[in-house]
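Engineer:
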Amino acid sequence: MVYVLLAEGFEEVEALTPVDLLRRAGVETRLVGVTGATVCGARGINVVTDLSMDEVDLAKVDMLVLPGGMPGTTNLYADKRVTDAVRTMADAGKYVAAICAAPSIILGGMGLLEGKKATCYPGMEDGMTGATPVKANAVTDGKIITGCGVGGALDFACELITALCGKAKTDEIAESVVHHVYG
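Under our numbering, residue 189 is the last one in the sequence shown; the count climbs by one each step, no gaps.
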């Protein structure tokens with residue numbers, strides 16, 4: 007199962023593209039409301055979540071996804087429940103995925119990118135403490151998956167599918183959504 011964490015001001019494309027593609031791949035994916043049952047994105051789109059942060063059960067989860075967007079990313083990072091969940095997942099050797107500002111602000115801020123290759127929103131690389139910045143739409147290094155932003159959301163989602171389901175499933179889903187450039 008995958009949890010996608012949403013806080014007020016999240017970037018809609020970076021959150022919902024992975025949800026859509028993961029569900030197409032047959033991966034149980036839940037939207038988690040950090041700041042409420044309905045969360046408003048950076049572009050004013052309200053999204054009804056599947057469960058609240060207080061209902062999260064990390065024992066059942068294979069991956070956490072942290073969308074970017076402002077102030078969504080800073081709202082996620084400011085919530086101790088979120089940083090505790092991220093730390094628990096990382097310590098357990100489970101996947102933690104972040105896109106746009108989230109690799110820099112959250113993963114970099116928590117010291118989780120030390121010695122890892124990672125990408126983020128251009129200009130935010132300095133926040134990825136200890137990482138080797140890579141200019142790419144999406145980067146996987148061990149159990150850390152990072153994406154650059156809205157323009158890389160499809161590739162980021164494909165990286166998530168590859169991590170959980172393998173390359174053959176990713177190719178199938180990429181083809182079904184006419185994303186021929188992946189891989």
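Ideal Cβ positions, reconstructed from N, Cα and C, are used throughout, including at glycine.
Would you identify the three-state DSSP class for residue 69, choosing helix, strand or coil?
Structural biologist: In this structure, residue 69 counts as strand in the three-state DSSP scheme.
Engineer: Are the CB atoms of residue 74 and residue 96 nearer to each other than 7 Å?
Structural biologist: No, the Cβ-Cβ distance between residue 74 and residue 96 is not below 7 Å.
Engineer: According to the neighbour-count rule (16 or more other Cβ atoms, all chains shown, within 10 Å of its Cβ), is residue 161 buried or exposed?
Structural biologist: It is buried - the Cβ of residue 161 has at least 16 other Cβ atoms within 10 Å.
Engineer: Return the chain-ordered ranges of every beta strand (DSSP E) run that is complete within the region 12 to 74 and spans a minimum of 3 residues.
Structural biologist: For the region 12 to 74, whole beta strand (DSSP E) runs of length 3 or above, ordered along the chain, are 35 to 39, 44 to 46, 52 to 54, 69 to 72.
Engineer: Can you look up residue 127 in the DSSP assignment and give me helix, strand or coil?
Structural biologist: Residue 127: coil per DSSP, three-state reduction.
Engineer: Who are the near neighbours of residue 51 in its chain, counting only those whose CB is closer than 6 Å to its CB and skipping five residues on each side?
Structural biologist: Result list for residue 51: 18, in chain order.
Engineer: When the Cα atoms are used, what is the spatial distance from residue 163 to residue 27?
Structural biologist: In a straight line, the C-alpha of residue 163 is about 6 Å away from that of residue 27.
Engineer: What residue range is occupied by the uninterrupted alpha helix (DSSP H) comprising residue 90?
Structural biologist: 86 to 97 is the extent of the alpha helix (DSSP H) around residue 90.
Engineer: So what does DSSP say about residue 142, is it helix, strand or coil?
Structural biologist: It is coil, neither helix nor strand.
Engineer: Using a threshold of 7 Å, state whether the C-beta atoms of residue 68 and residue 37 are closer than that.
Structural biologist: No; because the gap between Cβ atoms is not below 7 Å, this pair is not in contact.
Engineer: Under 8 Å, with one C-beta from each stretch per pair, do the region 112 to 123 and the region 136 to 150 reach the 3-pair mark?
Structural biologist: Yes: the two stretches touch, three or more of their Cβ pairs being nearer than 8 Å.
Engineer: Can you tell me whether residue 168 is helix, strand or coil according to DSSP?
Structural biologist: Of the three classes helix, strand and coil, the one that applies to residue 168 here is helix, per DSSP.
Engineer: Provide the residue span of the beta strand (DSSP E) that contains residue 104, from first to last.
Structural biologist: First-last of the beta strand (DSSP E) with residue 104: 101 to 105.
Engineer: To the nearest angstrom, report how far apart residue 61 and residue 41 are at their CA atoms.
Structural biologist: Near 13 Å, if we compare the C-alpha coordinates of residue 41 and residue 61.
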